[in-house]
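Residue numbers (the working numbering): 425 to 715. What follows is a set of notes on a single structure, which appears directly below.
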């Protein structure tokens, strides 16, 4: 699978289009908003960038995952949130403006944090001989994650009507690509897929539930509003699996590393809406509180 033109050429191009679409939804005001919501933003980013990878590393070690799957799980949790988090946050009455701010900051940070987490994981789990994301390839990750976002933001600044018109088609394209690549990754490893689900199914479910719960609990512990808690939960709990799949398949050139993200993309669409529905049943989303 990883040798096909669809993966080596098509997937990075598709991801660039998706990230360009994300950029079309962002403005400089989204970054400026961070200064007005420092507590919420710092809390969510600390959980996503520092706490969650450490917890996930503990899970990977506890379940003694094979090296390539271990790297795949760490790549998954290092991937930022995305437009799906914004959509579900809106659905369950979260603070979508906070989600957009977090997505904007995460899109920048991910270009730096993903290579660090993945390289440390490759080294620790002894996958050096099979994987090749060395620091020389950091620019490749930046190119497919950060540059298209910046171009999209520039286009929006110059032509807002085009950005608004392109939003829906890009969202549909994003979902279609994610579904195709997730299914393709599983088909590519079909001979081992049952064993992989046995190896990582529980870990992936735990990662998803812990991510959602941590984002929500930390926000409430900091006395943020319910709406902000929902936003943090979705941003921390919903990872951009398209980025993880693209890096696994086109940068690392390994379909086994892509399996955790492919499994997660299925699990996420069940657990995240269920979690959102459960917390929304506790009452209306809280009024945004001063931070």
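By construction, the Cβ of each residue, glycine as well, lies at the ideal position given by its N, Cα and C atoms.
- Between residue 647 and residue 641, the alpha-carbon positions lie close to 10 Å from each other.
- Boundaries of the alpha helix (DSSP H) around residue 650: 650-661.
- The three-state reading of DSSP puts residue 508 in helix, counting H, G and I together.
- Contact annotation: the segment 508-524 touches the segment 653-673, with at least three C-beta pairs closer than 8 Å.
- The segment 470-482 makes no contact with the segment 684-704, as fewer than three CB pairs between them are under 8 Å.
- Taking a contact as a CB-CB distance under 8 Å, the pair residue 627 and residue 512 does not count as one, their CB atoms being some 22 Å apart.
- If you look at residue 470, you'll find it in the alpha helix (DSSP H) that goes 462-470.
- Every alpha helix (DSSP H) of 4 residues or more that sits fully in the segment 662-702 is shown, in chain order, as 665-670.
- For residue 452, the three-state secondary structure derived from DSSP is helix.
- For residue 491, the enclosing alpha helix (DSSP H) begins and ends at 491-502.
- Taking the C-beta atoms as reference points, residue 537 is found no nearer than 8 Å to residue 510.
- For residue 589, the secondary structure class from DSSP, reduced to helix, strand or coil, is helix.
- Residue 444 sits in a helix when the DSSP states are folded into three classes.
- For the 8 Å CB-CB criterion, residue 695 and residue 682 do not form a contact.
- Going by DSSP, residue 473 is part of no alpha helix (DSSP H) at all; its letter is neither H nor E.
- Excluding the 5 residues flanking it on each side, residue 636 has same chain C-beta neighbours closer than 6 Å at 657, 661, 699, in chain order.
- Classified as exposed, residue 618 has fewer than 16 neighbouring CB atoms from the shown chains inside 10 Å of its CB.
- Straight-line spacing of the CA atoms in residue 481 and residue 503 works out to 14 Å.
- The alpha-carbon separation between residue 466 and residue 572 amounts to approximately 25 Å.
- In this structure residue 581 is not in contact with residue 545, their Cβ atoms being roughly 37 Å apart against a cut-off of 8 Å.
- Ranking 441, 438, 439, 447 by CA distance to the CA of residue 576 puts 447 first.
- In this chain, residue 519 is not harboured by any alpha helix (DSSP H), its DSSP state being neither H nor E.
- Residue 624 and residue 584 have their C-alpha atoms roughly 43 Å apart.
- Residue 691 and residue 440 have their C-alpha atoms some 24 Å from each other.
- Look at residue 543 here: in three-state DSSP terms it is helix.
- For the pair residue 478 and residue 684, the CB atoms are not nearer than the 8 Å cut-off.
- Straight across, the Cα-Cα distance linking residue 547 with residue 484 is about 15 Å.
- Cβ atoms of residue 686 and residue 678 stay farther apart than 8 Å, at about 13 Å.
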